[in-house]
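*Asks:* Here it is, the structure, as structure tokens.
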Amino acid sequence: MSGEWHKVAPANEIEEDEPKGVEIGGKHIAIFKLGEAFHATDNICPHAFALLSDGFVEDGVIECPLHAAKFDIATGKCLAEPAEDDIATYQVKLEGGDVMVLVPGG
Ligand code: FES
Numbered sequence: 036m037s038g039e040w041h042k043v044a045p046a047n048e049i050e051e052d053e054p055k056g057v058e059i060g061g062k063h064i065a066i067f068k069l070g071e072a073f074h075a076t077d078n079i080c081p082h083a084f085a086l087l088s089d090g091f092v093e094d095g096v097i098e099c100p101l102h103a104a105k106f107d108i109a110t111g112k113c114l115a116e117p118a119e120d121d122i123a124t125y126q127v128k129l130e131g132g133d134v135m136v137l138v139p140g141g
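Quick note: the sequence shown uses my numbering, first residue 36, plus one each step.
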């Protein structure tokens, strides 16, 4: 997949129950930690405008802070209304203690 890796944050700054919202090239992306793994998804809820990084993480699922739509963090799949669309996910890797995200098309 083409794109560019961006350093988003030191891995030790991301807590399991506190996703981190970042903006890369105008894209809002949320970084999650689940166990020892890191994940990245779109940060804007597809239902209305809310930042998912302000929401609640439970069992690998992020709940939107505004109307409680739910998304699977690993796959981006929409699991609960009122949202209907899945959210994009991004590849993540660790490099030198930093979380890197692959943003397509860069
Ligand atoms: S803005 Fe996320 S569920 Fe409405």
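Backbone N, C-alpha and C define an ideal beta-carbon position, used for all residues, glycine too.
What you are looking at is a predicted structure, and each value in this text was computed from that prediction instead of being measured.
Going by beta carbon distance, what residues of the same chain come within less than 8 Å of Val96, once the five residues before and after it are set aside?
*Replies:* Excluding sequence neighbours, Val96 sits near Lys105, Phe106, Asp107, Ile108 and Leu114.
*Asks:* Here's a check: name, in chain order, each residue in its chain whose Cβ is nearer than 8 Å to the Cβ of Lys42, leaving out the five neighbours to either side.
*Replies:* Here the set comprises Glu130, Asp133, Val134 and Met135.
*Asks:* Using the Cα positions of Asp52 and Ile66, report the straight-line distance between them to the nearest angstrom.
*Replies:* Cα to Cα, the separation comes out at about 11 Å.
*Asks:* Taking all protein chains shown into account, do 16 or more other C-beta atoms lie within 10 angstroms of the C-beta of Asp77, making it buried, or fewer, making it exposed?
*Replies:* Buried: at least 16 other Cβ atoms inside 10 Å.
*Asks:* Under the assumption that Ala85 contacts Leu101 (Cβ atoms under 8 Å), give the Cβ distance between them as a whole number of angstroms.
*Replies:* That pair is a contact at about 4 Å.
*Asks:* Taking just the CA atoms, how far does Asp120 sit from Ala103?
*Replies:* Spanning the two alpha carbons is a distance of roughly 14 Å.
*Asks:* Taking just the CA atoms, how far does Ala83 sit from Gln160?
*Replies:* Residue 160 lies beyond the stretch modelled for the chain, which goes from 36 to 141, so this question has no answer here.
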